[in-house]
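Following: one structure in structure tokens, then a few remarks.
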Amino acid sequence: MGSPRYRMPMRILAIETSCDETAVAIVEDGRTVLSSAVASQAKHFEERGGVIPEDAARQQVGCMLPVLHQCLKEANVEPSSLDAVAVTKGPGLLGSLLVGTTTARAIATLWKKPLVGVHHTFGHLSSTWLLPRENPKSEGRNSKPFRTSTLDPRPSSLEPHFPVLTLSISGGHTDLWLRESHTKGTLLGRTRDDAAGEAFDKGAKLLGLPYPGGPALSKLAENGDKSAFEFPKPLHDDPSLAFSFSGLKTSLKYLLRDTPTANPRDVAASYEHAICLHLIDRLKRALERHSEIQEVHVVGGVSANRHLRALLPETCPGVTVRFPTEMHYCTDNAAMIASAAEFLIQERGEEAFESFETKASLPLEIAIMR
Ligand code: KG4
Ligand code: ZN
């Protein structure tokens, strides 16, 4: 066997286009973000009530090169100094994913760099390793650093420690992983119906709020009374670590039908609280069963939720709780894809560079965690 054709740590340029965003980032050693740019189409789709897949891909074709150039410029990096190109290979909207993977294949060939296909959710799982940027130039759609947290301030000297219990909550999935390393882990629980982000989005729709619903519902809930309305506790008597959100959404529908005079702020706060309590209930059960867990990480779009961020540390005392250090790293971004590529190469070596297919559906336990 010859020596590996790469050096570690790396400087990786990553592209992420799994849904309606066009994101490019350059990250060193899986942690240090040199630049991270996201062109979001949220406004475009807010006016249309949700994402239209073909439309998203068409928009991404237009955004891709400007975002790529902006990212290189802000990082002040020449393509020749990059060690690899990484890209989200799935799951997601196929047309959108193809815009990203086709661009990544083209620039990797042009710049003569190895190409790494990354699972989108594995990107989210890696996002807690990203360090906050000191003076971020490129503002993502939610890129204001989260400074009011009472949580671990994430000093750069303090690395996360495995085993890590990771709650991965977004618009497409809700998974609870017990991870012994970046790429080795066991799926402890998964949603049986809606994802946590979907529960927010569908709830927001019932409340007449714009897409994407999570941030809007959370904003409405800010001054509401979370104890005003009682919601059922999903799967309360079920000993598994599975999740279920569809019952909460149905309860909200009936509450709005039967109590039309209910204060929307109180309704939003009570509904948000119920979603958070269900997530926390599963986390606490997992912690009780696995005393080896060192840290709890919460990632994915819903990890931007301020109520969840406030509740979690007090409900999980004695264990380090980490969220992505910037709001920008919770929702879809390319920095997490670069970080994931670094750890994939670190733990899987040459396997990380194997050719890949772009796939709309791609279970993480088959793609990586095995
Ligand atoms: O990870 P993400 O950006 O995309 C997917 O991979 O799905 O997650 C998007 C989801 C959406 O459902 C959105 O409503 C939700 O994350 N979300 C939030 C918040 N910010 C985004 N949910 C609750 N509170 C928030 N602040
Ligand atoms: Zn995502």
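Going by this note's numbering, the sequence shown opens with residue 3, and the numbers climb by one from there.
Ideal Cβ placement from N, Cα and C applies to all residues, glycine included.
Annotation for T317 indicates a beta carbon at 7 Å or more from all heavy atoms of the ligand KG4. Scanning the segment 306 to 348 from its first residue to its last, the whole beta strand (DSSP E) runs of 3-plus residues come out as 322 to 324. Its chain contains F245, S246, F247, G249, L250 and H280 as the residues whose beta carbon lies nearer than 8 Å to that of P236, once the 5 sequence neighbours on both sides are disregarded; these appear in chain order. In the DSSP assignment, R287 falls within the alpha helix (DSSP H) that extends over P266 to R291.
Checking the 7 Å criterion, the Cβ of H280 is out of range of every heavy atom belonging to the ligand KG4.
When distances are taken from the beta-carbon of H292 to the heavy atoms of the ligand KG4, even the shortest one reaches 7 Å or more. According to DSSP, residue pairing for G187 in a beta bridge involves R181. R350 has its alpha-carbon roughly 24 Å from the corresponding atom of D334.
Inter-residue distance for H175 and G199 is about 8 Å (C-alpha atoms, whole angstroms). Residue side-chain check: G302 places its Cβ nearer than 7 Å to a non-hydrogen atom of the ligand ZN. S242 and R181 have their C-alpha atoms spaced approximately 18 Å apart.
Between E290 and P315, the alpha-carbon positions lie close to 16 Å from each other.
Of the candidates L84, G205, S38 and G191, G191 places its Cα closest to the Cα of K286. Annotated as distal: V120 and Q62, with beta-carbon spacing of 8 Å or more. These are the residues, in chain order, with a beta carbon less than 5 Å from any non-hydrogen atom of the ligand ZN: S172 and D334. Remark: C-beta atoms of G302 and H184 do not approach each other more closely than 8 Å.
In this structure the segment 205 to 222 touches the segment 38 to 56; the number of beta carbon pairs closer than 8 Å is three or more. Straight through space, the alpha carbons of A41 and G32 are spaced by roughly 22 Å. From the listed residues D177, L313 and V79, the smallest Cα separation to T123 is found for D177. Residues D268 and S272 of the same chain have their beta carbon placed closer than 6 Å to that of A230, with the five preceding and five following residues left out of the count. Proximity of the segment 311 to 329 to the segment 89 to 107 falls short of the contact definition, fewer than three beta-carbon pairs being nearer than 8 Å. In this structure, the ligand KG4 has no non-hydrogen atom nearer than 7 Å to the beta-carbon of G210. Annotation for I109: no beta strand (DSSP E) segment contains it, though the alpha helix (DSSP H) segment containing it runs L96 to W113. At a Cβ-Cβ threshold of 8 Å, L99 and T90 count as neighbours.
A check of alpha carbon separations from L160 across L132, L70, Q43 and V69 identifies L132 as the nearest. In the DSSP annotation of this structure, the continuous segment of the alpha helix (DSSP H) that includes A206 starts and ends at A198 to L208. When Cβ pairs closer than 8 Å are counted between the two stretches, the segment 334 to 349 is seen not to touch the segment 305 to 320, the count staying below three. Boundaries of the alpha helix (DSSP H) around R259: S248 to D260. About 5 Å separates the Cβ atoms of S128 and M338, confirming a contact at the 8 Å cut-off. One thing to note: L366 has its Cβ no nearer than 8 Å to the Cβ of G92. Beta-carbon to beta-carbon, I28 and C73 are separated by about 6 Å, close enough to satisfy the 8 Å threshold. Our two residues, R9 and D85, have alpha carbons roughly 8 Å apart in a direct line.
With respect to V298, C318 sits close: the two C-beta atoms are nearer than 8 Å.
For G199, the distance from the CB to the nearest heavy atom of the ligand KG4 is below 7 Å.
Assignment of R13 by DSSP, reduced to helix, strand and coil, places it in the strand class.
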